[in-house]
Amino acid sequence: MTFSRSTGIRIAFKWVSTALIILAVLLFVDVKALVNEITRIPKTAMIAGLVLGVIQVFLSAWRWRYTAGLLGLPIPYIQSVREYYLATFTNQVLPGGVLGDVNRALRHGADTDKRLAAAHGVAIERLSGQVVLAAVVISGLIWLFITGRIVGADPVERDSTSHLYWLLAGSFVGIYLLWFLARRSDRVCRFFATLRGDLARALLSWPAFPLQVLTSLMVVASYLAVFLVLATGAGYITDLPSAVVSGALCSLLLLSMVIPVTVSGWGVREGAAVVLWPMAGLPAEQGVALSVAYGALIFVSSLPGALFLFSSPARQH
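Residue numbers for the sequence shown follow my numbering, beginning at 96 and rising by one.
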C-alpha cells in the first residue's frame, strides 16, 4: 500500500511538473505568434513526419532484436516491432519516459531464467542510442560555436564569453552530478558491475560496435528528419546553413527529453526551445512550434502500440 501511494505521488508530481513547465513556457512566448507558427506547418509535412515515425520504430526494433540476440535472448523481428510499439506508446502516456522500456524488458524475459539479460538488452540498446545522440549534439554545438551562430559567440575571438559557455558548463555540471549520485548508490554500482560483461559482448565487440553505431545513427537521423521536415514545411529552412542550424538545435531538444521529470518530455522540450532558439538569433515561437508539432507526431505514430496493451509477452525462440 505504501509503494502504491508513493508511486502515485511520483506520477502525480510528474504530471504537475509537465503542466507547470508548459504554463511557464506560455508565459515566455507570444501565444498568438506560437499558434500562427504551428498552423504554418502543412499537412504534407505532418504526414511525412508520421511515416518517419514508423521507420523509427522498425529501426529501433531491429537494434533491440540484434542486441538481445547477442545476449542469448532471440526474438522474431515482427514480435520485436510489436513490443517496441507497445513500449513507445507506454512511454508516451506514462511519466518518466522509461516505463515502457522497463515493461519491454519484463515481457521479453517472462517465463525464462534470463530476466537480467533481457533487462541488459534493453539498457544497452537504449544506451547505444543515447551515446550516439550525445556525439551528434556535441558536434552540433561545436559547429554552432565556430561559425558564430550562437548569439554572442565570435568565430574569431574564441575567448569571448557567450551563452554557449554557460550551456556547456551547465551540461557538464549535470553530467557530473548524475555520475556522483550514481557512484554513491550501491544498487547502481551493482547494476553496472553485472552489466559490464554484457556491455562488452553486445556493444563493444566486433562487429557489434559498428552495427550498433550505424543503426543508432540511422535512428537519430530519423528523429532529426522529423524536425527538419516540419521546419522545411513551415519555411524555416531555406538553405544548407539554416538546415544545419535547425538540426543542431533540434538535437538539443532530443537530448533534453532524457530528463525524466515530465511526461514524454513535454514541457522540458518546449522549455529548452525557449532558451535555445533566441541564442541562435531566432524567435522562440519557432522552436516551441517545432517542439509541439514533433511531440504530437510522435504520440500519434505510437498509437498502434495501444493495440498490444493486452497481448501476451514476447517469448524466447
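Glycine included, C-beta positions come from ideal geometry on N, C-alpha and C.
For I241, the number of other beta carbons within 10 angstroms of its own is below 16, and it is reported as exposed.
Of the other Cβ atoms in all chains shown, fewer than 16 fall within 10 Å of the Cβ of V111; this residue is therefore exposed. Per the Cβ contact rule, the segment 192-203 is not in contact with the segment 299-314 (fewer than 3 Cβ pairs under 8 Å). Beyond the five residues adjoining it in sequence on each side, Y179 comes within less than 6 Å, by CB distance, of V152, S155, A156 in the same chain, given in chain order. Around the beta carbon of G292, fewer than 16 other beta carbons sit within 10 angstroms, so the residue counts as exposed.
Between K209 and the set L165, I393, L392, the nearest pair of CA atoms involves L165. Only exposed fits I142, as fewer than 16 other CB atoms lie within 10 angstroms of its CB. If the five residues before and after F394 are omitted, its C-beta is found closer than 6 Å to the C-beta atoms of Q187, all from its own chain and listed in chain order. Counted as a single uninterrupted DSSP element, the alpha helix (DSSP H) harbouring D196 occupies residues 194-203. Apart from sequence neighbours up to five positions away, the residues of its chain that approach A401 with a beta-carbon distance below 7 Å are F184, ordered along the chain. With a cut-off of 8 Å on Cβ pairs, the segment 327-334 is not in contact with the segment 343-362, counting fewer than three such pairs. The three-state secondary structure of V356, taken from DSSP, is coil. Under the three-pair Cβ rule at 8 Å, the segment 165-176 counts as touching the segment 293-308.
Here A368 is near S386, since their CB atoms are less than 9 Å apart. Note that the segment 170-178 does not touch the segment 125-139; fewer than 3 beta-carbon pairs, one per stretch, sit closer than 8 Å. Bridge pairing for P190: V358 [DSSP]. Sequence-distant partners of W238 (beyond 5 residues in either direction) whose C-beta falls short of 8 Å from its own C-beta, in its chain, are R244, V339, A343.
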